Structure formats: structure tokens, C-alpha cells
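Below is one structure; the comments refer to it alone.
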Amino acid sequence: MTSSQVIAQDNSPFSIAIHGGAGTINAADLTAEQEKAIRDKLTQAIDSGYDVLQNGGDSIEAVKAAINILENSPLFNAGVGAVYTFDGGHELDASIMDGKNMNAGAVAGVKHIKNPIDLAISVMHKSPHVMLYGEGAEEFALTQQFNLVANSHFDTPHRYAQLLDAKASIIKAEQTNGGDYQASVNQLRDNYKYGTVGAVALDKQGNLAAGTSTGGMTAKRFGRIGDSPVIGAGTYAENGVCAVSATGHGEYFIRYHVAGDICAKVKYQQKGIIQAADEVINQTLVNAGGTGGVIAIDKQGNIATPFNTSGMYRASRVSGQAANVMIWRDK
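The sequence shown finishes on residue 313 if you use the working numbering, and the numbering steps up by one all the way, no holes.
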């Protein structure tokens, strides 16, 4: 590599965006201390990923660094702080996609993996498969020297309180829905349905990456898996096009192939990332009755963060600029 190439690379744009979930986030429901804690953790996560990029690291490393911080925080629905299943446990999902070579890895329904995004990356690099589920994913984790943790590692009092409230709502609804669990779940308030975390990044070499990690939906049953580990639905990245990580009511994101659809609009219709993401989230999904949001980044490092809920925890940082941390539309 010549000196001129080194200088060009050092001056190349890079950027990163993260989310900590979209849903019914009302300012009146957050104390000043809670809001500060959330903003501080989002800032820590975005700065961690940004530092990787600034120091020449690749987009996968940056996504991992940011998501690990969110997974290790009880403030978000991923890792510690993951929501509870109907039976009182935790089942975690995660995925990663490398835009450079279109490689991807995902895990679903794991119960003893401290940082599911790390295992998804191992699946991407060390497995011939894209998605591994449950006990099989954890068996693979042992071959990769992962240390398993007790399922109780993910316990938090506020998530347990949410479970009890959600179960009471479901049971009450079942009484009027003829015992129909699915119809009753659909009546849950939005803040029970999601809270996924994710990151997208563009590194100095022009490589895009996207990752997503979640505890899923409160009171989920029957091994339910949402969009987070589904490539093309909750996570997608392709160099020269865009990278997307989603958060929302996963069933709709799967049906409408949300992450992939946004990138398809950029690739085939030559739409800008902001327009493409907005059309899918605020038109396609809204018309279908789906709620949530995405973070998306294009090959120039432009960032879009549309959502159709009252709020979405999110942060972004572009090369040479300070972090922008937001919860609602205007702050």
C-alpha cells in the first residue's frame, strides 16, 4: 500500500449507529435519573464502536463492541435485562451480517450465552451454517470455548414485574378470546412486544456490517422467534448498498422482509437511505399494522433512524463529530 493510499484511507468517512429498542416510550414514564442512565449507556456504546472505527478497526468489530455494552446493561432487552418468557425463563436471539462478503451468522432461543452477538459472530466465522437454535447452538458454543452462564444471569426485577403484568393481561384476554393465546398476545401493549438492541457501521475500508440482539417478546411461548436472528428481516448488510438493524413487532418485520427491503430500494431504485428506510417503516409497515423502527447506514456513511412508535432509543456518530443520542423525535 502506498503512502497516498494510506492517507486516503485515513480520510475515508466512517460512521456508526445503534438502537436500544422502539416502542411506547413516554417522557412522563421516565424519571430524570432513568433517562440519564439510558442516555449515558447509549453514549458509552456508540463511543465504544466509534473508537474501533477511528482506530482502523473493521465494521464487525465496531458492531460487536457497541452491542456487547448494551447486552451487558439491564436497561435494555438483550443479555442482562432480557424479557421473560411465559414460563419465567429467558430465550435470546442474535444475528450479524458482514457486507463485505455477504456472510452471516445467527443464533436463536439460546438460554446460557452471556453475549449472544458473540456466538452469532462465531457461527458466521466458524460454522458452515447461518443460524443455529437452542441446545444445538449452545453445543456449538462449547466447541468454541464459550463459557455458559445460568439462565438466571439474565434476571432483573423490573422485567419480572413486566412478565407478571403481561401474563395477567394475557390470561384476562384469553377469557374473552376463547383461550386464544395468539389473539390475546396481540392485545398486549407495545412496550411488551420489543426492545431489541442493534448496531450498524461503515468502516474506513468501506465495509458495512449490521448486528442485532434481543430477549424477544415478553411472555412469548412455544419457542417463538422474532425477526432479530432472521437475515433480511431484522438484520442485513451489503457493501456498496446499506446496512440495517431493526427493532419492533418481529412478526411484521419477518413478513415484510424489512431490512432487506430497505436495501433493495437503495440498490435497485437508487433511493437515498433516508427515503428508503422511511418508506418501509412509515408506509409499508404502518399500512400493514406493524410497529417499530430501524437504524440504517449507506456506503457514504449517511444514517437513517425512522420509527413509527412514540420513541426509539438510538445514537449515531459520524467521523469527526460528537455522538448524537436521542429517544424521541426531537430529543
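Cβ coordinates follow ideal geometry from the N, Cα and C atoms, glycine included.
Quantities reported herein were computed from a predicted structural model and do not represent experimental measurements.
Look up residue i in the DSSP assignment and give the residues it is bridged to.
i: L184; result: S(-3), L190
i: F289; result: G275
i: A228; result: V276
i: T196; result: D75
i: I255; result: Answer by DSSP bridge pairing: none, since I255 is not bridged.
i: A219; result: A225
i: Y295; result: G3
i: V248; result: Bridge partners of V248: none, in fact.
i: I309; result: None, per the DSSP bridge assignment.
i: I213; result: T217
i: V300; result: S(-3)
i: V179; result: S195
Do you know whose CA, among the options, lies nearest residue i's CA?
i: G70; options: D243, Y142, E233; result: Y142
i: K46; options: G214, P56, A27; result: A27
i: N83; options: I49, A48, S41; result: S41
i: I213; options: A155, G232, A64; result: G232
i: K253; options: A14, Y115, V223, G271; result: V223
i: A9; options: N284, N50, A304, M294; result: M294
i: Q16; options: N269, A304, H140, D185; result: H140
i: L267; options: E43, T229, Q282, S298; result: T229
i: D11; options: T217, G61, S292, N50; result: S292
i: G178; options: G283, P56, K18, V105; result: Note on identity: in this sequence residue 178 is Thr, with Gly being the wrong assignment. Among G283, P56, K18, V105, the Cα nearest to that of T178 belongs to P56.
i: R206; options: F122, Y66, A286; result: Y66
i: N284; options: G216, L190, Y234, V307; result: L190
i: V92; options: I152, D100, Y115, S104; result: Y115
i: E53; options: N306, S195, Q265; result: S195
i: N(-7); options: Q282, N290, F235; result: Q282
i: D100; options: Q265, P211, R296; result: P211
Counting only beta-carbon separations shorter than 8 angstroms, does residue i have a partner in chain D?
i: V65; result: In summary, chain D is missing from the structure at hand, where a single protein chain is found.
Using beta-carbon positions only, say whether residue i and residue j come within less than 8 angstroms of one another.
i: L324; j: A201; result: Because the chain is modelled from -17 through 313, residue 324 falls outside the range shown and cannot be assessed.
i: I255; j: P288; result: no
i: V276; j: S(-3); result: no
i: G242; j: N221; result: no
i: G87; j: A102; result: yes
i: A278; j: A219; result: no
i: N133; j: H94; result: yes
i: A119; j: V89; result: yes
i: K149; j: F68; result: yes
Could you tell me the alpha carbon to alpha carbon distance between residue i and residue j, rounded to whole angstroms?
i: A192; j: G160; result: 41 angstroms
i: G302; j: L35; result: 11 angstroms
i: S227; j: L74; result: 16 angstroms
i: T25; j: D280; result: 22 angstroms
i: P98; j: Y32; result: 21 angstroms
i: Q127; j: S77; result: 19 angstroms
i: A(-1); j: Q157; result: 43 angstroms
i: G39; j: S30; result: 11 angstroms
i: I309; j: A14; result: 13 angstroms
i: S(-15); j: P(-5); result: In this prediction, S(-15) has a pLDDT of 40, which is less than 50 and means its spatial position is unreliable; what the coordinates show is noted afterwards. When rounded, the distance between both Cα atoms is 18 angstroms.
i: F204; j: A246; result: 33 angstroms
i: L124; j: M113; result: 16 angstroms
i: N37; j: V248; result: 29 angstroms
i: A270; j: D80; result: 29 angstroms
i: V(-12); j: T273; result: Unreliable positioning characterises V(-12) in this predicted model, as indicated by a pLDDT of 43, which lies under 50. The coordinate reading is nonetheless provided below. Distance between the alpha carbons of V(-12) and T273 is about 44 angstroms.
i: R237; j: S298; result: 28 angstroms
i: A258; j: G61; result: 31 angstroms
i: D209; j: A304; result: 31 angstroms
i: H135; j: Y250; result: 45 angstroms
i: H1; j: D22; result: 13 angstroms
i: M(-17); j: K186; result: Summary for M(-17): the model assigns pLDDT 43, below 50, so the residue's position carries little reliability; its value from the coordinates is reported in the next sentence. Between M(-17) and K186, the C-alpha separation is close to 15 angstroms.
i: E261; j: G198; result: 25 angstroms
i: H72; j: D312; result: 34 angstroms
i: A(-10); j: A44; result: In this prediction, A(-10) has a pLDDT of 44, which is less than 50 and means its spatial position is unreliable; what the coordinates show is noted afterwards. C-alpha separation (whole angstroms): 21 angstroms.
i: K96; j: N50; result: 9 angstroms
i: M106; j: A286; result: 26 angstroms
i: K108; j: A183; result: 22 angstroms
i: H239; j: G216; result: 8 angstroms
i: N306; j: G180; result: 16 angstroms
i: E121; j: A19; result: 36 angstroms
i: F235; j: Q265; result: 13 angstroms
i: I152; j: N290; result: 24 angstroms
i: H111; j: D162; result: 35 angstroms
i: T138; j: A4; result: 20 angstroms
i: S104; j: I7; result: 34 angstroms
i: R296; j: I244; result: 19 angstroms
i: E117; j: D147; result: 29 angstroms
Kindly provide the ranges of any alpha helix (DSSP H) runs that are 4 or more residues long and lie completely inside the segment 2 to 79, ordered along the chain.
14 to 36, 41 to 53
Hey, which unbroken runs of the beta strand (DSSP E) at 3 residues or more fall wholly within the segment 79 to 120?
85 to 92, 113 to 115
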